[in-house]
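Keeping their order, the protein sequence lines are chains X and C.
Each number in the working numbering corresponds to the 1-based position in the first sequence with 1269 added.
Each number in the working numbering corresponds to the 1-based position in the second sequence with 19 added.
Take a look at the structure below.
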Amino acid sequence: MEATTTEPKNMGNWLATNIGRLLISLLVPILTFLVLWQGFVFLRDSQAPQIVIVVTAILWGVGGVAALYAVSNWLVEKLPREWAGRLQPFVFIGPGVAILFWFLAIPAIRTLMLSFRSATGTGFVGFDNYKFAFTDRIMLEAFRNNLLWMVFGTFFCVSLGLVIAVLADRSNYESIYKAIIFMPMAISFVGAGVIWKFIYTYKGEGAGISEIGLLNAIVLALGGQSQPWLSQPPLNNFFLIVIMVWLQTGFAMVIISSAIKGIPAELLEAARIDGANEFQTFFRIIIPTIQGTLLTVTTTILIFSLKLFDIVRVMTGGNNGTNVIANEFYLERFTYGNAGRASAIAIVLLVAVIPVMIYNLRQFRESRAF
Amino acid sequence: MKNKSILWSMLSIAVLASMILAACAPATEAPATEAPATEMPATEAPATEMPATEAPATEAPAAMAQGQEINDAYAGMYKGTVVTMTGPFTDNDAVKFDASVKAFEDATGIDIQYTGSKEFEASIRVAVEGGSAPDIVDFPQPGLLANFAAEGKVVDLTDIVNADWLKENYIQSWLDMGTMEGPNGPILAGVWGRANVKSIVFYPKKAFDEAGYTIPATWDELMALTEQIASDGDAPWCIGIESGAATGWPMTDWIEDAMLRTTSPENYDKWVKGELKFDSPEVRNALKYVTDIWFNDAYVFGGRDAIGTTNFGDAPKPMFDNPPKCWLHRQGDFIQTFFPEGLEPGVDYDFFYLPPIDESLGKPVLGGGDIYAMFNDRPESRAVIQFFASAESVKGWVEAGGTISPHNDSSLDWYKDPVTRKLAEILKNATTFRFDASDLMPGAVGAGSFWKSMTDFVSGSIDEDTALKQIDDSWPK
């Protein structure tokens, strides 16, 4: 600001423009900020009815971001082209990067630090929490179950998705079949849990008891005996995995189906002319061609099964040998209040997901999804 | 000139950026402005000591002896203020709660906003650690509250609720149970607002009398009755332990009742503290009395396998089929809320005291209660917590049925139905009263491994040795 006083000529005119500039360049940001700050203060302290607060929060949140962006963009555009070009990217990605850092990187580092601390996060305990994570009976059980989810859940999702995609491709009613298979995708995991809880319901045996669960009704109709499906380990894990397959097959199917449609017709035709039967075409032409897509789908569902939580939480709460890592993390953190152990489990889970994630991203890049 | 304009624009961008950054700072400043509020107790402390000795047990709310703030509240000084509350009771119970504090709200103008949550155990931790704890929290598990007290998150009520009043209005065991270890020594972490009795067995009275069954006075008679009902072709017991994320807790109540009836109260206290292992002859012995009933498919409605899949709230319902499909249901008094509508207590159903096993141990009673703790120290929340220390705060709920007042200034006349009055009498006549052990144990055991291991044990996923060892291992060191 001192620099302004050194200009000697045409003082009046010069001052007017520059003071104007100064005012604008200071006032606009300050005004924007003040408006946003007032909004924040209002939201924080207000005793207004809830509906008013909700509406204001939405307006303030969405409008505030838009205003902030518009103002900074407007200011940057005022700059000469060379500088605008340099700064504009930051206006666009800066907030994103900042938010990512704030909400992702910092918590991850904090979790890592907490994982070496005691239950309340006060004392340093070294690797005790990790020792627990890798030796406790419940944790080992959770690892085993996650492995079951990863292997069987992923296998059935992808293979069923592939088979259905290929078969539906040749059907006259493709869109109807695909819509039916895809439909469960629209249901939340918790919602699916409620549905399947009815299917697996068990009322017990004895005088005057009638089963209301679908699965037990079927078993009884076939002359079998009703079973408490969800309390018989290790089989109950598979009954839970079925739910994920039901939900996620649609996802696999849709992506694989679009890849199959992308296979050049000449390629298939050429194979058939050369005398390949349907199985040979499937295994030697179709699968290798869509290999990239298959891997992407597989890794996506793999990550999914590693992080799996909702189904187990809703259906069994992790009882009867169905615990998974994410659920044990939740219990340690929120029920037992053991921040140290919970953080260690979270870090283990994070480390387990990272390689799959990297592979997954690489696949995405190859298929130019990015 | 051109360079200057760049300078201006850059400057303004810098201003904007720095202001956004600055916006993060007030978050840390905020507590500073609140600090004076927490300093207030120091100056007010003498004031609360004033009405100490005068007329404690009188029922007239004219001069409240609990503390200064409640008198101020009745004088209308906190009109228009809001006190937020949370707790585990929802639906029907939340309505009864609202009804029981309504008179206080009308008289003082303080708005008590209660929000119940079924995932209370988890959500309260998030709220407290996120710095947005409600003003007052209802804990059904003192163990969970003890965790917060140890972390220094709970306001010490020692100087907030008059000590003489507390001594007058509660029996000592309640006060002992409300005193918890804080970061700087023991604090009064909360006051008891509601009590319940768990050592009781419900039965469908009409059908029970018609069938010619008699109420057992000893454990042997209870087992004889069980056998009699079973040989009549019915399942004697209705048992269900499914409770979402809390599955398993009803079994812990059974084991605690068996503990109180087979070993000394001192051993029970040691067991609660973790000094007596689960893997000990005492606990194994108690567990055997439970499994003798539970694991006999002829004794349980639906058989052993159905225990883990039956919701605790649905469990008693077959008792009210015509004819009853099961006849006995051991559960806390609160379960009446889950009974089908239109049943008349004392006519359609009644209960008896779960008989003693070892007669020399007298008549122990297992119970529980809800403790109110304060997280934000403001005059109006002080007034509300002082209010909860008096029977007046649950009068409405008591009259509506479904709860018992732990306060000495309550009256047996408030209990409209004979069943609840009988409960209140059982509570008064108990030779030993002990709190639900799983609610007192650390969260990792009392709301964790004890529930889970027993659930797995009942379904047969793990055997007794694994279950007991697993609970012992989970005890925080």
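Every residue gets a Cβ at the ideal spot worked out from N, C-alpha and C, and that includes glycine.
Would you mind listing the alpha helix (DSSP H) stretches within the stretch 146-196 of chain C that are 4+ residues and don't spill past its ends, in chain order?
Qualifying alpha helix (DSSP H) stretches, in chain order: 161-169 and 182-188.
Exposed unless 16 or more other CB atoms sit within 10 angstroms - verdict on Phe1361 (chain X)
By the 10 Å Cβ count, Phe1361 (chain X) comes out exposed.
On the DSSP bridge list, what partners appear for Glu1474 (chain X)?
C:Gly321, per the DSSP bridge assignment.
Which whole-angstrom value describes the C-beta separation of Gln355 (chain C) and Val180 (chain C), a residue pair presumed to lie in contact below a C-beta threshold of 8 Å?
Contact doesn't hold; Cβ gap of about 30 Å is too wide.
Is the CB of Val418 (chain C) under 7 Å away from at least one CB in chain X?
The question names Val, but residue 418 (chain C) in the sequence shown is Glu. With 7 Å as the cut-off, Glu418 (chain C) does not count as an interface residue toward chain X.
So what's Thr237 (chain C) in DSSP terms, helix, strand or just coil?
Residue state, collapsed to three classes: coil.
With a cut-off of 7 Å, does the C-beta of Asn395 (chain C) fall near any C-beta of chain X?
Chain X contact via Cβ: absent.
List in chain order: all unbroken alpha helix (DSSP H) runs of 4+ residues lying wholly within the stretch 1542-1581 of chain X.
Secondary structure within the stretch 1542-1581 of chain X: the alpha helix (DSSP H) runs of 4 or more consecutive residues, fully enclosed, are 1560-1575 (chain order).
Counting only Cβ-Cβ distances shorter than 7 Å, please list the residues of the stretch 1598-1619 of chain X near chain C, keeping chain order.
Per Cβ criterion, the list reads Leu1600, Phe1603, Thr1604, Tyr1605, Gly1606 and Asn1607.
Using the C-alpha atoms, what's the distance from Leu1292 (chain X) back to Gly135 (chain C)?
Answer to the nearest angstrom: the Cα atoms are 52 Å apart.
Rounding to the nearest angstrom, what Cα-Cα distance links Ala1718 (chain X) and Ala169 (chain C) in this structure?
In this structure chain X extends from 1270 to 1639, so residue 1718 (chain X) is not present and cannot be described.
Is Asp482 (chain C) helix, strand or coil by DSSP?
Asp482 (chain C): coil per DSSP, three-state reduction.
State the CB to CB distance for the pair Ile260 (chain C) and Ile326 (chain C), rounded to an integer number of angstroms; the pair is presumed to be in contact (CB under 8 Å).
Yes, Ile260 (chain C) and Ile326 (chain C) are in contact; Cβ-Cβ is about 6 Å, under 8 Å.
Measuring straight from C-alpha to C-alpha, what distance separates Ser1574 (chain X) and Ile1456 (chain X)?
Looking at the two C-alpha atoms, the distance is approximately 17 Å.
Length at least 4, wholly inside the stretch 247-295 of chain C: the alpha helix (DSSP H) runs in chain order:
Those alpha helix (DSSP H) runs which fall completely within the stretch 247-295 of chain C and span 4+ residues are 268-281 and 284-292.
Using the C-alpha atoms, what's the distance from Gly204 (chain C) back to Gln1496 (chain X)?
In a straight line, the C-alpha of Gln1496 (chain X) is about 53 Å away from that of Gly204 (chain C).
Tell me, to the nearest whole angstrom, how far the beta carbon of Ser1526 (chain X) is from that of Asp1405 (chain X); I am working on the premise that it is less than 8 Å.
Ser1526 (chain X) to Asp1405 (chain X), Cβ: 43 Å. No contact.
Excluding the five sequence neighbours on either side, which residues of its own chain have a C-beta within less than 7 Å of the C-beta of Gly332 (chain C), listed in chain order?
Taken in chain order, the residues that qualify are Phe357.
Could you name the residues that DSSP lists as bridge partners for Met104 (chain C)?
DSSP lists C:Tyr133 and C:Ile155 as partners of Met104 (chain C).
Check whether the Cβ atoms of Ala113 (chain C) and Ile423 (chain C) lie closer than 7 Å to each other.
No. Outside cutoff.
Under 7 Å Cβ-Cβ, which residues of chain X neighbour Gly263 (chain C)?
Residues of chain X whose Cβ lies closer than 7 Å to the Cβ of Gly263 (chain C) are, in chain order, Gly1586.
Against chain C, with Cβ distances strictly below 7 Å, would Thr1558 (chain X) count as a contact?
No, Thr1558 (chain X) does not count as interfacial toward chain C.
What alpha helix (DSSP H) runs, 4 residues minimum, are completely inside the stretch 1370-1427 of chain X?
Segments of the alpha helix (DSSP H) lying fully in the stretch 1370-1427 of chain X: 1375-1383, 1397-1404 and 1406-1417.
Buried or exposed for Glu399 (chain C), please, with buried defined as at least 16 other CB atoms from any protein chain shown within 10 angstroms of its CB.
Residue environment for Glu399 (chain C): buried (at least 16 other C-beta atoms within 10 angstroms of its C-beta).
Which residues does DSSP list as the beta-bridge partners of Met199 (chain C)?
Per DSSP, the beta-bridge partners of Met199 (chain C) are C:Ile206.
Where do the ends of the alpha helix (DSSP H) carrying Ile423 (chain C) lie?
Premise fails: Ile423 (chain C) is in no alpha helix (DSSP H) and is neither H nor E.
Does the distance from the C-beta atom of Val220 (chain C) to that of Phe370 (chain C) stay below 7 Å?
Yes, these two residues count as a Cβ contact at 7 Å.
Buried versus exposed, by CB contacts within 10 Å (16 or more), Gly191 (chain C):
Checking the sequence, you will find Gln at residue 191 (chain C) rather than Gly. With fewer than 16 neighbouring CB atoms inside 10 Å of its own CB, Gln191 (chain C) falls in the exposed class.
Within a Cβ cutoff of 6 Å, which residues of the same chain sit near Lys115 (chain C), ignoring the five residues on either side of it in sequence?
The beta carbon of Lys115 (chain C) is closer than 6 Å to those of Trp416 and Ala419 in its chain, skipping five residues each way along the sequence.
So who's on the other strand from Tyr391 (chain C), going by DSSP bridges?
According to DSSP, which records beta bridges pairwise, Tyr391 (chain C) is partnered with C:Asp157 and C:Val210.
Report the neighbours of Thr105 (chain C) on chain X: residues whose CB is nearer than 8 Å to its CB, in chain order.
Going along chain X, no residue has its Cβ under 8 Å from Thr105 (chain C), so there is no contact; the nearest lies around 15 Å.
Which residue's Cα is closest to the Cα of Ile1450 (chain X): X:Tyr1399, X:Met1522, X:Phe1385 and X:Leu1381?
Measuring from the Cα of Ile1450 (chain X), the nearest candidate turns out to be X:Met1522.
Tell me, please, whether the CB atom of Leu266 (chain C) is closer than 7 Å to any CB atom in chain X?
The residue you asked about is not Leu; residue 266 (chain C) is Thr in the sequence shown. With 7 Å as the cut-off, Thr266 (chain C) counts as an interface residue toward chain X.
Nearest chain C C-beta to Asn1282 (chain X) closer than 7 Å, yes or no?
False, the Cβ-Cβ gap to chain C never drops below 7 Å.
Determine which residues share a DSSP beta bridge with Leu347 (chain C) and list them.
For Leu347 (chain C), the pairing in a beta bridge is given by DSSP as C:Trp256.
Run of the beta strand (DSSP E) containing Thr451 (chain C), from where it starts to where it stops
Annotation for Thr451 (chain C): the continuous beta strand (DSSP E) segment containing it runs Thr451 to Phe454.
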